[in-house]
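Written below as structure tokens is the structure these notes are about.
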Amino acid sequence: MTTVAGTPRDLSKARRFGLEGRRNLTGWAFLIPAALLIGVMSFYPMVQALILSLKSGKGTNLNWAEPLWYNYERLTRDTIFVQTVKNTFVYLIIQVPVMLILALILSYLLNKKDLRFKAFWRTAIFLPCAVSLVSYSMVFRTLFATDGFVNDALLALHLVDAPVNWLNQPNTARTVIIIGLLWRWTGYNMVFYLAGLQNLDYATFEAAKIDGAGPVKTFLYVTIPQLKPMILLTAIMSTNGTLQLFDESWALTAGGPANMSKTMSHYLYDVSFRLTPQFGYGAAISYVILVLVAILAFIQMKVGDRRD
Numbered sequence: 187m188t189t190v191a192g193t194p195r196d197l198s199k200a201r202r203f204g205l206e207g208r209r210n211l212t213g214w215a216f217l218i219p220a221a222l223l224i225g226v227m228s229f230y231p232m233v234q235a236l237i238l239s240l241k242s243g244k245g246t247n248l249n250w251a252e253p254l255w256y257n258y259e260r261l262t263r264d265t266i267f268v269q270t271v272k273n274t275f276v277y278l279i280i281q282v283p284v285m286l287i288l289a290l291i292l293s294y295l296l297n298k299k300d301l302r303f304k305a306f307w308r309t310a311i312f313l314p315c316a317v318s319l320v321s322y323s324m325v326f327r328t329l330f331a332t333d334g335f336v337n338d339a340l341l342a343l344h345l346v347d348a349p350v351n352w353l354n355q356p357n358t359a360r361t362v363i364i365i366g367l368l369w370r371w372t373g374y375n376m377v378f379y380l381a382g383l384q385n386l387d388y389a390t391f392e393a394a395k396i397d398g399a400g401p402v403k404t405f406l407y408v409t410i411p412q413l414k415p416m417i418l419l420t421a422i423m424s425t426n427g428t429l430q431l432f433d434e435s436w437a438l439t440a441g442g443p444a445n446m447s448k449t450m451s452h453y454l455y456d457v458s459f460r461l462t463p464q465f466g467y468g469a470a471i472s473y474v475i476l477v478l479v480a481i482l483a484f485i486q487m488k489v490g491d492r493r494d
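Position in the sequence shown counted from 1, then plus 186, gives you the numbering used here.
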């Protein structure tokens with residue numbers, strides 16, 4: 187039997203579509219303000235920065251560059267920028283793997299059921315990332331001063347014959363920054379791994395124990411494979427953060443000596459605000475950092491997210 191307009195079935199469909207329409211409108215009402223804010227506060231400045239990177243000049247006296255890619259071409263000839271790229275990748279290659287391995291080991295130890303004072307140890311290791319940059323920079327500069335505690339300890343242990351000028355030599359200045367990064371951010375990544383460990387199936391560890399696997403093998407072949415998504419997440423975040431590193435370079439060593447510990451973001455700050463402002467050139471540096479972050483994040487996603 188066919189139905190005609192106005193029957194109960196048609197009225198039911200109309201009510202259902204009306205309810206779905208109201209739900210869709212409610213969803214869009216919540217999404218549109220957030221999308222507008224993201225567009226205005228993020229994407230619009232990105233487009234403006236790209237346009238700015240195609241201009242040259244100093245201060246507010248900016249004109250279209252000739253050729254348009256002049257600022258990017260200039261980067262390849264800028265010895266200071268090339269040095270900051272090298273410095274940043276030194277921090278990335280050394281600090282990120284060491285930090286993530288330490289965070290993994292600490293999270294594994296602090297997740298043991300029979301460990302006493304868990305809350306105290308977890309808080310103590312996490313606390314450095316909550317310390318203000320200025321405070322911890324002052325402490326580190328004092329510790330690593332020529333007459334500081336570190337040199338006193340090394341001399342007392344007869345590990346060095348004379349005080350080390352930590353902050354005024356290229357290799358030792360980079361070392362201080364790496365130590366500062368490890369001290370400040372290892373606990374932050376440890377919290378992610380702890381959260382991941384507490385969501386793992388404890389039966390897998392019991393099965394490994396029954397099969398005769400010791401703590402090291404259990405950690406390598408049971409714990410780490412199950413934490414792979416979390417390891418990928420922290421690796422991407424740590425890589426992105428290191429490529430954009432500014433605070434430690436600026437506060438601990440001031441980029442010295444002779445720019446040998448300066449990062450790309452620190453040089454971007456100097457070009458844009460500290461020296462004679464060259465906003466177009468600074469915008470070009472920022473886009474190089476953006477491209478490097480995107481490329482490395484893409485590589486990590488491809489390498490780390492291989493699904494079986």
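Think of the CB as a built atom: it goes at the ideal place given N, C-alpha and C, for glycine as much as any other residue. Quick caveat, the model's predicted, so the values are computed rather than measured.
Confirm, please, whether the CB-CB distance from residue j to residue i is below 7 angstroms.
i, j, result
"F335", "L329", "yes"
"G373", "M416", "no"
"F326", "L222", "no"
"N445", "I266", "yes"
"L356", "T332", "One point to set straight first is that residue 356 is Pro, not Leu, in the sequence displayed. Not in contact: P356 and T332 (Cβ atoms no closer than 7 angstroms)."
"A470", "Y258", "yes"
"A289", "Y379", "yes"
"T270", "T449", "yes"
"V346", "L353", "no"
"G441", "H452", "yes"
"L296", "R308", "yes"
Could you pull the DSSP bridge partners for residue i from this structure?
i, result
"W352", "Looking at the DSSP assignment, W352 forms no beta bridge with any residue, so it has no partner."
"K241", "W250"
Under 7 angstroms Cβ to Cβ from residue i, same chain only, skipping five residues before and after it: list those, please.
i, result
"Q486", "L418, A421, I422, T425"
"G468", "L454, V457, S458"
"S512", "Lying before the first or after the last residue shown, residue 512 is absent from the chain, which here runs from 187 to 494."
"I363", "Y277, E434, S435, L438, T439, S447"
"I280", "I364"
"F391", "T404, V408"
Locate the beta strand (DSSP E) running through residue i, then write down its first and last residues.
i, result
"W250", "247-250"
Less than 8 angstroms between C-beta atoms, sequence neighbours within five positions excluded: which residues of the same chain meet that for residue i?
i, result
"L248", "L238, K241, S242, F465, G466"
"K244", "T462, P463, Q464"
"L286", "N375, I417, T420, A421, S424"
"L312", "The sequence shown places Phe at residue 312, rather than the Leu named in the question. Within the same chain, F312 has close Cβ partners G373, Y374, M376, V377."
"D494", "Bear in mind that a pLDDT of 49 at D494, under 50, signals an unreliable position, so the model cannot answer this."
"V282", "A421, S424, T425, T428"
"L301", "L295, W307"
"I475", "L429, Q430, M450, S451, L454"
First and last residue of the alpha helix (DSSP H) that includes residue i?
i, result
"F267", "265-296"
"K299", "Run containing K299: none; DSSP gives neither H nor E here."
Can you find the residues in the same chain that come closer than 6 angstroms, C-beta to C-beta, to residue i, ignoring five residues on each side of it along the sequence?
i, result
"R370", "P314, C315"
"F432", "S451, H452"
Quick one: which unbroken alpha helix (DSSP H) runs of 4-plus residues sit fully inside the region 322-376? Chain order, please. Whole alpha helix (DSSP H) segments, 4+ residues: 335-342.
Give, in chain order, every unbroken run of the beta strand (DSSP E) that is at least 3 residues long and sits entirely within the region 385-467. You should have found no qualifying run.
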